[in-house]
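This report concerns only the one structure given below.
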Amino acid sequence: MRQRFEAWLEIFRRSWRLDRRMSASVLGLLVLTNAAFLTGGLALRALVNAAIDRDLRAVLLAAGLAAVAWAVVDIGFLVEQELRMDISDRLGMFDLDEEIQRLVAGIPTLDHLENPQYLDRLELVRGQGSVLVQACWALLYSASNFLRVLITLVLLGSVHPALFGLALFALPPLILKRVGPARARKAQLAAAETARLERHLFGLLTDPRAAPELRITGSEAALARQVEDAWRTEGAIETRARYIGAAATALGWTLFMVGYVAGLFYVVYLVARGERTIGDLVLAVALAGQLRSQFEQAISQTAPLFAGIAALEPFLWLRRYAERKAEGGIGGPAPDRLDGGVRLQDLTFRYPGQDRDALSGVTLDLPAGRVVAVVGEHGSGKTTMVKLLTGLYQPSSGTIRVDDVPLGELDLTAWRAACAAVFQDFGRYRTTVRSAVGVGDAGRMDDRARISAALAAANASAIVEALPHGLDTRLGQEFGGVELSEGQWQRVGLARGAMREHPLLLVLDEPTAALDATSEYEVFQAQHDISRAHAAARGTITLIVTHRFSTIAMADLIVVLHDGRVVEQGDHATLMRANGRYAETFRLQQEAGAAGVGVNLD
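Heads up: the sequence shown at position 595 corresponds to 636 in this note's numbering, and the numbers run straight through without jumps.
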């Protein structure tokens, strides 16, 4: 509760900083409209009594006062609502939504992106910045509405104290109204995973890259049925919650109407006995009717409040989660160069929800200034090792030491700034070539000379020269650009990985999977020369992950992984003499290559 209160207070402060004049106007209008409402009620009773007494001057005065008061109430409400919505939209879109994006992008590791708890809460808070701000102001507006209700009850009590009892009949709608939002919050969280599945499947159906396979296999209808099933499951969970909430709300208003009708009959009884005036009766009828609408309005304003609470809980959860994760990214600076290298000591890692280790007890030295090739079958732990070395995951146990300093004690942002990587599942950025390559070193995105050098290092200069606008050509047909072949996209990815000059760790994870054998050899030959230059400058370790053996014989150290463990290591000649797993597979690949057949470690 304390954190929730502090969050609301923080949003109020942000609103004030965003636009003090508009925030002050909203607060002023809330006070003004309540004062006008009280004045209008008193003026209404004075008007009726003056009319009965045939006091024309008093009638005109009371009528004028009532007209002005009700005009202020109505116009003030409309203006206040517009101003409040404007603040909510601006603050939500340009501040809170941006913060939510920072919470997602700012976590230094990647394990949260595979954490269902995290993803479900992200689903609930995505794009909900304006909802959070509206809820904050709705809290204040609801307080203003309930103050107006209190004014109404005071005026009704001036007719007869028994009419205060209408407040008791207002409690059931207030209490039972909470049932619906509470059920809705639980339903949203329960259905969040199904909602993510539904969007994922829909994305497959509309993704042009998946379209050929879906068309050939004829699986579009099957996927569409799965989308519909997911949608129906999600809808059933949320519909059940809405039915329960609607039933509770209807019961609350039924109880209120019983008290409302009883109160009016009682005032009619008092007037008939001469104990109250006609003005009292008119005031009671008008205010009792308004009381119902006021309660309805006050309670309806709790809807955005509860919607905000539904988004606030996961928002605060994400903030706490990000803060905990960020603590692990604070440490010392990365070294200027590697002297000893990187050591993996008894390293073990298991993905969340899995029943086996992806890496188990790995102890390995990666010497500074060396080219290291890591080979193994799919699922042997190659890419997992890369993600641990680059700090994208934290090991379950064991340590990674950089020149004898634990990686966990380094600033992960600084360490990553000293790394460069090209992954098998590389990004296909639908931007200009300049941006798609330059993003590899964000600080040099506008350095056209550096970008051209990176393209040359990836043997991609000819591709760019053939494009209509060179570096400024937009890529991707989705936005009216040029579509590249898979091999061309991969060369752009290789260029992106070459943007950083002299990194401490250069990772090439299946970097040539989409290239033919000749192009692959050219890339690796060029990369070998670049790696030697990096090694001389900063003691760079080049880590090549691949299942093709034809190009890794040049590596200084070859590491063979199997079932998450290191089963062999050494240079090519040493491993061939050992006549083990590596030698057997290397010979098979050579024979298969001669016969035109591919063989992997699998």
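For glycine and all other residues, C-beta sits at the position ideal for the given N, C-alpha and C. Predicted model only: the values in this text are computed from it and were never measured.
In the three-state scheme derived from DSSP, where H, G and I count as helix and E and B as strand, Glu140 is classed as helix. For His613, the uninterrupted alpha helix (DSSP H) segment begins and ends at His613 to Ala619. Nearest in C-alpha terms to Leu547, of all of Gly481, Glu524, Val608 and Gly528, is Gly481. DSSP lists Ser438 as the beta-bridge partner residues of Thr389. In its chain, beyond the 5 residues on either side, Phe390, Ala399 and Leu400 have a beta carbon closer than 7 Å to the beta carbon of Thr425. Secondary structure of Ala462 (DSSP, three-state): strand. Shown here, Arg411 sits in coil according to DSSP, grouped into three states, outside any helix or strand. Annotation for Leu173: no beta strand (DSSP E) segment contains it, though the alpha helix (DSSP H) segment containing it runs Gly170 to Val200. In this structure, the straight-line span from the alpha carbon of Pro447 to that of Ile441 is close to 6 Å.
Here the segment 170 to 177 makes contact with the segment 342 to 358; the two share three or more CB pairs at distances below 8 Å. Bounds of the beta strand (DSSP E) holding Asp550 are Leu546 to Asp550. The closest CA to that of Ala232, considering only Asp466, Glu261 and Thr280, is found on Thr280.
For the 9 Å CB-CB criterion, Val200 and Leu346 do not form a contact. By the C-beta criterion, the segment 304 to 312 is judged not to be in contact with the segment 136 to 156, since fewer than 3 inter-stretch pairs fall below 8 Å. In this structure Leu451 touches Ala375 by the C-beta definition: roughly 6 Å separates them, less than 8 Å. Secondary structure at Arg266: helix, using DSSP grouped into helix, strand and coil.
Val600: member of the beta strand (DSSP E) spanning Leu598 to His603, first to last residue. In this structure Ile582 is not in contact with Gly417, their Cβ atoms being roughly 18 Å apart against a cut-off of 8 Å. In this structure, Ala498 sits near Leu535, with a CB-CB distance shorter than 9 Å. The beta carbon of Asp604 sits closer than 7 Å to the beta carbons of Ser421 from its chain, once the five residues preceding and following it are set aside; these are given in chain order. Boundaries of the alpha helix (DSSP H) harbouring Leu85: Arg61 to Ile93, taken from the DSSP string. According to DSSP, Asp130 shares a beta bridge with no other residue. The Cβ-Cβ distance between Trp456 and Gly432 falls below 9 Å. Excluding residues up to 5 positions away in sequence, Ala289, Thr290, Leu292 and Gly293 lie with their Cβ nearer than 7 Å to the Cβ of Leu217 in the same chain. A straight-line Cα-Cα distance of about 11 Å links Gln568 and Leu584. Residues of the same chain with a CB within less than 6 Å of the CB of Arg86, apart from the 5 flanking positions on each side, are Gly320 and Leu324 in chain order. When DSSP states are grouped into helix, strand and coil, Arg397 belongs to the coil group. Counting only the Cα atoms, Thr473 lies some 32 Å from Val412. For Thr581, there is no enclosing alpha helix (DSSP H), as DSSP marks it with neither H nor E.
In the three-state DSSP reduction, Leu525 falls in the coil class, being neither helix nor strand. For Gly479, the uninterrupted alpha helix (DSSP H) run begins and ends at Val474 to Gly479, by DSSP. Taking C-beta atoms under 8 Å as the contact rule, Ala348 and Val67 fail to qualify, at a distance of about 19 Å. Assignment of beta-bridge partners to Arg515 by DSSP yields Thr473.
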